[in-house]
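**Q** Structure provided below as structure tokens; questions to follow.
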Amino acid sequence: MKNTSQINPLENEAIYIFREVAAQFEKPVLLFSGGKDSITLVRLAQKAFYPASIPFPLLHIDTGHNFPETIAFRDRLVKELGLELIVRNVQDSINQGKAKEESGKYASRNTLQTVTLLDAIEEFKFDACIGGARRDEEKARAKERIFSVRDDFGQWDEKNQRPELFDMLNGMIEHGQNVRVFPISNWTELDVWSYIQKENIEIPSIYFSHTRATFLRDGLIWSADDDVVFREEDEIVEDRVVRFRTVGDMSCTAAVLSEAKTIDSVVEEIRNSTISERGARIDDKRSEVAMEKRKQQGYF
Amino acid sequence: MEVLKLATAGSVDDGKSTLIGRLLYDTKSLTSDKIEAIQQKSEQLGYDYLDFSLATDGLVAEREQGITIDVAHIYFSTQNKSYIIADTPGHVEYTRNMVTGASTSQAAIILIDARKGVIEQTNRHFFINNLLRVKTVIVAINKMDLVDFSEERYNQIKSDFEILMSKRDYQEQNITFIPVSALKGDNVVAKSVNTPWYKGKTLIDYLETIDSQALYNSGTPRFPVQYVIRPKTEEFHDYRGYAGKVYGGELSVGDEVVVLPSQTKSKIKGIQFYDQEVKTASRRSSVTITLTDDVNISRGDMIVKANDLPTVDKQFTATVSWMDTKHLNVGGKYVLQHGVNRVLAKVDKIHHKINPDYSGIDQTVDSLKINDIATVSFKLNKPVFYDAFKSHRTNGSFILIDTLSNNTVAAGFIQ
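Chains as they are written, first to last, in my numbering: chain A, 1 to 300; chain B, 1001 to 1415.
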């Protein structure tokens, strides 16, 4: 038998946070996008409650513009682990007239997710939504708490946040409020990749190098496989060897040129990378304060 | 990978953001798109240098006012260590953020502007980091380029600071001085050619020597039960595991333990980390413990070694850092969260308000307002199982929660 002396402080912190969620809330849910961060969350949740199963469902807000590989992966994971999955569709919010499809060259459904998410929170009366956001991703997220209280409208009041002292997490809320919980707040992109490598966690194939029909816009590489991403006639489609470093909505996630076919080579690539992860996310390029604005409206 | 949590404290214009930006840049933790953004913005503002403070200022209001209004978390790493900086603002009115940042940190950097020397703010920054028993304090004497890298000036500031040190309560705190220029990069990551008289380490070299794993090991394990795991499956039909994090020391299989508050004696039967059986649970590991006896345990209970019990009491006196705009009054009732255990607390007496600046002036007051620090006695509706903060940083601290707003309104350190 061994001891736990070679501990990973970040992993132990995340497990602690998951257990606090299960103990402090009546109806938690894990926001699952099929991306590497939420897949990592699932593994951490398994660890937190073993040998019992994860005591809350997963919620996927499906933009309808997901990579097919991600959806296939999601369904397989849920089946293998025997988890409960709830899916709510942005398309339904659009059909109901609650959300308006963006138009034009940079149209994306990323922002529209917020409407569907807030509706789902109300429908199921979720009081805690666990997400894979990390503080190193972006400036506004750097100010985010581990337990982040949202009002009846799902809004983030960044100037009036609860102080978080030592390990103590205060999840006391009023009826109608909910808490966004970020167990991997303190992880960096490299921490996540190193963890996936060490734990041998399976992730969708689009994270690894593959040949894809693509086109160039604003110096970024976009997938041209389908009808989701609007393409001008003069934007020429070419096969490129790429992988995705972050997996969001197809309309806002660009690929990077990469030969990394294995997790080892991906970790090596991230270690030597000189571009930030969200550099390939057009949702943050819209303006310097894009994330802060979205968070105030209820984005996670 | 080893993780070191750091807090920073400095007054407005001491160059704190610049120092952090410099640490990020010189450890090559800034990506090219971020550097590009800093270049663009610096040019826009008409600077002939890179303004690294632009790497950290986050929210719209902060950029408008050029200040930091809340704790921001910043990440960088070297070959050996991952660093997490809790960047806290230094203005007087933000004591609460400094206390918050220091509570999760193992080391703190206090910035002093070499032109101004030790000022009242410095006293406060040091007082709070000492009150919170942050293990290591690095006094970075910044803007050395503006005092011609004068050894004399450095020594003057150092001896002024040593006067504060002689007044400190937590005498074992490690304190070191480094002359730096965050703007020019002297002694931050690269050794400066401008300070040949300085024989010590650069800031990053000093940080690299800190062993974050060894910090706060008091040898007294405390195991607050967070959650009871009962799978109720065929394979684990009778399994009853107590999930929690180990604080202050280690727990091992076979240890004789006592469960509080029931005072039931038992023995540790097994320790699990996920699907692995382990022999010893080290400090800060999140494990699941099973006991040899069938004991009724719920969240908030505590498992401790039989020969090393904490104080079990329904009252105590503590140093309180008040953080809410509503006042704390004698007779006021709050939810007191001690670790994961919640009880009701009533303010019995406010002994005196402490000026957190080593002025030594204690005031008698009836109520506390935001950013006040005071000695306060509480009565509780149920006993808690505590140690004094000075001997156990985790088991000696608590927060107060307002019963109406549910906000965290105070941090407390049990005497």
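Glycine included, C-beta positions come from ideal geometry on N, C-alpha and C.
#1: Enumerate in chain order the residues of its own chain whose CB-to-CB distance from Phe32 of chain A is below 6 Å, with the five nearest sequence positions on each side excluded.
#2: Put Leu59 of chain A into one of helix, strand or coil per three-state DSSP.
#3: Once the 5 residues before and after Ser1029 of chain B are set aside, which same chain residues still bring their CB inside 7 Å of it?
#4: Just mark Gln1363 of chain B as buried or exposed, buried being the case when its beta carbon has 16 or more other beta carbons within 10 Å.
#5: Given a cut-off of 8 Å on the beta-carbon distance, is the pair Gln1337 of chain B and Ile1289 of chain B in contact?
#6: Counting Cβ pairs, one atom from each stretch, are 3 or more of them under 8 Å apart for the segment 1168–1182 of chain B and the segment 1127–1147 of chain B?
#7: At the 8 Å Cβ level, is Thr1031 of chain B part of the contact set with chain A, yes or no?
#8: Can you name the start and end residues of the beta strand (DSSP E) that Ser1286 of chain B belongs to?
#9: Who are the neighbours of Arg1284 of chain B on chain A, taking C-beta pairs under 7 Å?
#10: At a Cβ cut of 8 Å, what residues of the segment 48–81 of chain A count as close to chain B, listed as they run along the chain?
#11: If we count Cβ pairs, one from each stretch, closer than 8 Å, do we get three or more for the segment 1107–1116 of chain B versus the segment 1328–1342 of chain B?
#12: Could you list the residues in the segment 114–139 of chain A with a C-beta less than 8 Å from some C-beta on chain B, going in chain order?
#13: Classify Ser259 of chain A as helix, strand or coil using the three-state DSSP reduction.
#14: Checking 8 Å against the spacing of the C-beta atoms, do Ser1082 of chain B and Met1001 of chain B come in under that value?
#15: How do the segment 17–30 of chain A and the segment 126–136 of chain A stand: do at least 3 beta-carbon pairs fall below 8 Å, yes or no?
#16: Count the other CB atoms, across all protein chains shown, that sit within 10 Å of the CB of Lys1005 of chain B; report buried if there are 16 or more and exposed otherwise.
#17: Considering only C-alpha positions, which residue in the set B:Lys1382, B:Asp1014 and B:Lys1349 is nearest to Ser1181 of chain B?
#18: Quick check on Thr1136 of chain B - is its C-beta less than 8 Å from some C-beta in chain A?
#19: For the segment 94–176 of chain A, which segments carrying the alpha helix (DSSP H) assignment without a break, of at least 4 residues, lie completely within its bounds, in sequence order?
#20: Could you tell me whether any Cβ in chain A is nearer than 8 Å to the Cβ of Ala1345 of chain B?
#21: Give the residues of chain A in contact with Gln1337 of chain B, contact being defined as C-beta atoms less than 7 Å apart.
#22: Using a Cβ cut-off of 8 Å, pull out every chain B residue sitting near Ser273 of chain A, in sequence order please.
#23: Quick check: the Cα distance between Gly1254 of chain B and Glu1234 of chain B, rounded to an integer number of angstroms?
#24: Just verifying my parser: in three-state terms, what is the DSSP assignment at Arg1096 of chain B?
#25: Going by DSSP, name the residue or residues bridged to Asn1329 of chain B.
#26: Using 8 Å as the threshold, is the C-beta distance between Thr1408 of chain B and Phe166 of chain A below it?
#27: Taking the straight line between their C-alpha atoms, what separation do you get for Ile1399 of chain B and Met168 of chain A?
#28: Under three-state DSSP, which class holds Arg217 of chain A?
#29: Let me confirm a value: His65 of chain A is counted as buried when at least 16 other C-beta atoms fall within 10 Å, else exposed. Which label applies?
#30: Quick one: list the residues of chain B neighbouring Ile15 of chain A, beta-carbon separation under 7 Å, in chain order.
#31: Could you check what DSSP says for Pro1383 of chain B in three-state terms: helix, strand or coil?
#32: Between the Cα of Thr262 of chain A and the Cα atoms of A:Asp225, A:Ile236, A:Ser223 and A:His210, which residue gives the shortest distance?
#33: DSSP on Ala1086 of chain B, reduced to helix/strand/coil?
#34: Show which residues of chain B have a CB atom less than 8 Å away from the CB atom of Leu312 of chain A.
#35: Taking only beta-carbon positions, decide if Glu20 of chain A is within less than 8 Å of chain B.
#36: Does DSSP classify Lys198 of chain A as helix, strand or coil?
**A** Looking at the coordinates:
#1: Taking the first residue of the first sequence as 1, we reach residue 32 of chain A at position 32. Same-chain partners within the cutoff: Ser38, Leu58 and His60.
#2: Residue numbering aside, residue 59 of chain A sits at position 59 when the first sequence is read from its first letter. Strand at Leu59 of chain A.
#3: For the purposes of this step, residue 1029 of chain B is taken as the residue at position 29 of the second sequence. If we look at Ser1029 of chain B and ignore the five residues flanking it on each side, its Cβ neighbours are Phe1076 and Ser1077.
#4: To locate residue 1363 of chain B, count along the second sequence from 1; it is residue 363. When all chains shown are included, Gln1363 of chain B counts as exposed.
#5: Taking the second sequence and counting its residues from 1, the one referred to as residue 1337 of chain B is at position 337. Taking the second sequence and counting its residues from 1, the one referred to as residue 1289 of chain B is at position 289. Going by C-beta atoms, Gln1337 of chain B is not nearer than 8 Å to Ile1289 of chain B.
#6: yes
#7: Residue numbering aside, residue 1031 of chain B sits at position 31 when the second sequence is read from its first letter. It does; some Cβ of chain A falls within 8 Å.
#8: Looking up residue 1286 of chain B in the second sequence gives position 286. Looking at the DSSP string, the run of the beta strand (DSSP E) that includes Ser1286 of chain B is Ser1286 to Leu1291.
#9: Locating residue 1284 of chain B in the second sequence gives position 284, counting from the first residue. Ordered by position in chain A, the residues that pass the 7 Å Cβ test against Arg1284 of chain B are Ile7, Pro9 and Asn12.
#10: Ala48, Phe49, Tyr50, Pro51, Ala52 and Ser53
#11: no
#12: Arg135, Asp136 and Lys139
#13: Sequence index remark: in the first sequence, residue 259 of chain A carries index 259 (1-based). With the sequence shown as reference, residue 259 of chain A is identified as Glu, and Ser is not the correct amino acid for it. Coil, per DSSP.
#14: Taking the second sequence and counting its residues from 1, one reaches residue 1082 of chain B at position 82. Taking the second sequence and counting its residues from 1, one reaches residue 1001 of chain B at position 1. Going by C-beta atoms, Ser1082 of chain B is nearer than 8 Å to Met1001 of chain B.
#15: yes
#16: Position 5 of the second sequence, counting from 1, holds the residue named residue 1005 of chain B. Buried, since its Cβ has 16 or more Cβ neighbours within 10 Å.
#17: Taking the second sequence and counting its residues from 1, one reaches residue 1181 of chain B at position 181. It is B:Asp1014 whose Cα lies nearest to the Cα of Ser1181 of chain B.
#18: Within the second sequence, numbered from 1, the residue matching residue 1136 of chain B stands at position 136. No, Thr1136 of chain B does not count as interfacial toward chain A.
#19: 113–124
#20: Counted from its first residue, the second sequence places residue 1345 of chain B at position 345. Taking Cβ atoms only, chain A never reaches closer than 8 Å to Ala1345 of chain B, which makes this a no.
#21: Numbered from its first residue, the second sequence carries residue 1337 of chain B at position 337. Result: Met168 and Asn170.
#22: Numbered from its first residue, the first sequence carries residue 273 of chain A at position 273. Within 8 Å Cβ-Cβ: Thr1031.
#23: The residue you call residue 1254 of chain B lines up with position 254 of the second sequence. The residue you call residue 1234 of chain B lines up with position 234 of the second sequence. Approximately 27 Å between the Cα atoms of the pair.
#24: Within the second sequence, the letter at position 96 stands for residue 1096 of chain B. DSSP places Arg1096 of chain B in helix when its eight states are reduced to three.
#25: Position 329 of the second sequence, counted from the start, is the residue given in the question as residue 1329 of chain B. Paired residue(s): B:Ser1367.
#26: Numbered from 1 along the second sequence, position 408 holds the residue referred to as residue 1408 of chain B. Numbered from 1 along the first sequence, position 166 holds the residue referred to as residue 166 of chain A. It is not a contact, given that the beta carbons lie outside the stated cut-off.
#27: The residue labelled residue 1399 of chain B in the question sits at position 399 within the second sequence. The residue labelled residue 168 of chain A in the question sits at position 168 within the first sequence. Answer to the nearest angstrom: the Cα atoms are 8 Å apart.
#28: One-based indexing of the first sequence puts residue 217 of chain A at position 217. If DSSP states are grouped into helix, strand and coil, Arg217 of chain A belongs with the strands.
#29: Counting from 1 along the first sequence, the entry for residue 65 of chain A is found at position 65. Under this definition His65 of chain A is a buried residue.
#30: Indexing the first sequence from 1 puts residue 15 of chain A at position 15. Ordered by position in chain B, the residues that pass the 7 Å Cβ test against Ile15 of chain A are Ser1286.
#31: By 1-based counting over the second sequence, the position of residue 1383 of chain B is 383. Strand.
#32: Taking the first sequence and counting its residues from 1, one reaches residue 262 of chain A at position 262. Among A:Asp225, A:Ile236, A:Ser223 and A:His210, the Cα nearest to that of Thr262 of chain A belongs to A:His210.
#33: Within the second sequence, residue 1086 of chain B is the residue found at index 86, counting from 1. It is a strand residue.
#34: An answer regarding residue 312 of chain A cannot be provided, because it is not within the stretch 1 to 300 covered by chain A.
#35: As a first step, residue 20 of chain A is located in the first sequence; it is residue number 20 there, counting from the start. So, interface residue.
#36: In the first sequence, counting from the first residue as 1, residue 198 of chain A sits at position 198. Lys198 of chain A falls in the helix class under three-state DSSP.
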